[in-house]
Amino acid sequence: MPPSSWFSQMRLMRYAPNGAMQAHHHDRPSLCLVVDGGYQERIRGRADWHRPGEMMFCPADEPHAQTFADTGAVKILLDPRAGTLDYLRGHLPLTEAPFTGSVQLAAIARRLRAELCADPADSAARLAAEGLAMEALAEFARHAAAPVRVEPWLQRAREYVHAHACSGFALEDMAQALQHHPVHVARSFRAAFGRSVGDMVRQLRMAEAARLLRETSRPLATIAADCGFADQAHFSRSFRAAYGVPPSRFRRERR
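In the working numbering, the protein residues as written are 99 to 353.
Printed below as a string of structure tokens:
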């Protein structure tokens, strides 16, 4: 994609399943928006899993390493111009490699991928892509925060969410397992991971549903039940809201 006034380059990158990138650094800072799949990034003493709808900033010359999930990953890399960096510095501590995730960013990522894959002869694609990239930038600046070093009990909280997202749980049950008050758990979780417990549960359910649609032939009703949705209709509505297409179409397009 040709350069824009906010980004010198916008690239769609695909990474193989179970791949890994050893510690390395880049001469220029970059923004990354996850479209599909997932990966773990080790940076500044943290090890964070990133999934569709998450956006992160990597400072220039910052060593980092990545390990990709068994689904691989699709990412959009944005190279910010000097003015873009000045804008972000007014909102975020960029040296801390901040990140955030939301349903809104997931929707923007899907639309931006479509524009980046459009026919080069489509003169409107560049304009549309720049507009979407700016939407993502605004969402990132609004919600990202410098990740804090996560206390052990919060690491256990995240593991609890990952283990029980599809089976379902009450915040009170999680708090009891962690031996902390539910209000304290909710506030601390959001501060540590940049999203609420409920938001992470929804993202994990959607990611698992997408994986099952890609990799299995299970009926939609079975996938809905396996991923914690009340019924197939609820699953279909939620999936379409998150991915922009119904589950059946998503499955056809990725087979």
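Ideal Cβ placement from N, Cα and C applies to all residues, glycine included.
To the nearest angstrom, how far is the alpha carbon of M108 from that of P218? Here residue 108 corresponds to residue number 10 of the sequence shown, with the count starting at 1. Here residue 218 corresponds to residue number 120 of the sequence shown, with the count starting at 1. Answer to the nearest angstrom: the Cα atoms are 14 Å apart.
Could you tell me the alpha carbon to alpha carbon distance between Q164 and A284, rounded to whole angstroms? The residue you call residue 164 lines up with position 66 of the sequence shown. The residue you call residue 284 lines up with position 186 of the sequence shown. Their backbone Cα atoms lie some 29 Å apart in a straight line.
From V259, H123 and S106, residue whose alpha carbon lies closest to that of R140: Counting from one through the sequence shown, the residue named residue 140 turns up at place 42. Comparing Cα-Cα distances from R140 to each of V259, H123 and S106, the minimum goes to H123.
Is the segment 342-353 close to the segment 307-323, with three or more CB pairs under 8 Å? yes
Cβ of V295 within 8 Å of any chain D Cβ: Among the chains in the structure shown there is no chain D, since it carries only a single protein chain.
Measuring straight from C-alpha to C-alpha, what distance separates P127 and G199? Along the sequence shown, one-based indexing puts residue 127 at 29. Along the sequence shown, one-based indexing puts residue 199 at 101. Going by the C-alpha atoms only, they are around 19 Å apart.
Less than 8 Å separating the beta-carbons of L190 and A145? The count along the sequence shown starts at 1 and reaches residue 190 at position 92. The count along the sequence shown starts at 1 and reaches residue 145 at position 47. Cβ atoms of L190 and A145: not closer than 8 Å.
Let me know if T320 comes out buried or exposed under the rule of 16 or more other beta-carbons within 10 Å of its beta-carbon. What you label residue 320 is simply residue 222 of the sequence shown in a count that begins at 1. With fewer than 16 Cβ atoms within 10 Å of its Cβ, T320 is classed as exposed.
In angstroms, rounded to a whole number, what distance separates the CA positions of A231 and A268? The residue you call residue 231 lines up with position 133 of the sequence shown. The residue you call residue 268 lines up with position 170 of the sequence shown. Each residue's alpha carbon lies about 36 Å from the other.
From A180, A223 and E160, residue whose alpha carbon lies closest to that of P196: As a working note, residue 196 is residue 98 in the sequence shown. When only C-alpha atoms are compared, the closest one is E160.
Who are the near neighbours of R288 in its chain, counting only those whose CB is closer than 6 Å to its CB and skipping five residues on each side? For the purposes of this step, residue 288 is identified with residue 190 of the sequence shown, where counting begins at 1. The answer, listed in chain order, is S294.
Look at Y258 and A171 and say whether their C-beta atoms are less than 8 Å apart. The residue labelled residue 258 in the question sits at position 160 within the sequence shown. The residue labelled residue 171 in the question sits at position 73 within the sequence shown. No.
Nonlocal neighbours in the same chain, by C-beta distance under 8 Å from S221, ignoring five residues either side: As a first step, residue 221 is located in the sequence shown; it is residue number 123 there, counting from the start. For S221, where only same-chain residues beyond five positions count, there are no Cβ hits under 8 Å.
Starting from the N-terminal side, write out each stretch of the alpha helix (DSSP H) that is 4 residues or longer and does not extend beyond the segment 270-348. 280-291, 295-313, 318-324 and 330-341
Can you tell me where the beta strand (DSSP E) holding W147 begins and where it ends? Taking the sequence shown and counting its residues from 1, one reaches residue 147 at position 49. R144 to H148 is the extent of the beta strand (DSSP E) around W147.
Nearest-angstrom Cα distance between Y341 and V133? Taking the sequence shown and counting its residues from 1, the one referred to as residue 341 is at position 243. Taking the sequence shown and counting its residues from 1, the one referred to as residue 133 is at position 35. Computed Cα separation, rounded: 10 Å.
Between C215, R208 and V201, which has its C-alpha nearest L302's C-alpha? What you label residue 302 is simply residue 204 of the sequence shown in a count that begins at 1. For the residues C215, R208 and V201, the minimum Cα distance to L302 belongs to V201.
Between G117 and C325, what straight-line distance do the alpha-carbon atoms span, to the nearest angstrom? Taking the sequence shown and counting its residues from 1, the one referred to as residue 117 is at position 19. Taking the sequence shown and counting its residues from 1, the one referred to as residue 325 is at position 227. The straight-line gap from Cα to Cα measures roughly 26 Å.
Residue nearest to D125 in terms of C-alpha spacing, selected from A158, G151 and G296: Here residue 125 refers to the residue found at position 27 of the sequence shown. Nearest C-alpha to D125: A158.
If we ignore side chains and look at the alpha-carbon of each, how far apart do L252 and A223 end up? As a first step, residue 252 must be located in the sequence shown, where it is residue number 154. As a first step, residue 223 must be located in the sequence shown, where it is residue number 125. Whole-angstrom Cα-Cα distance: 42 Å.
Nearest neighbour of P115, chosen from S106, Y137 and A121 [CA to CA]: For the purposes of this step, residue 115 is taken as residue 17 along the sequence shown, with counting starting at 1. Closest by alpha carbon: Y137.
Unbroken beta strand (DSSP E) run spanning T198, endpoints: Here residue 198 corresponds to residue number 100 of the sequence shown, with the count starting at 1. Its beta strand (DSSP E) spans residues F197 to G199.
Give me the residue from A216, D177 and A261 with the minimum Cα distance to S103. Taking the sequence shown and counting its residues from 1, the one referred to as residue 103 is at position 5. Cα-wise, what sits closest to S103 is D177.
Hey, R208 and I174 are a contact pair by Cβ (cut 8 Å); roughly how many whole angstroms apart? Working through the sequence shown from its first residue, we reach residue 208 at position 110. Working through the sequence shown from its first residue, we reach residue 174 at position 76. Actually they do not touch by this definition, with Cβ atoms about 10 Å apart.
DSSP bridge partner residues for D134 (one or two, in chain order): Indexing the sequence shown from 1 puts residue 134 at position 36. Paired residue(s): V172.
Cβ neighbours of E237 in the same chain (closer than 6 Å, five flanking residues each side left out): Taking the first residue of the sequence shown as position 1, residue 237 is located at position 139. Excluding sequence neighbours, E237 sits near Q202 and L203.
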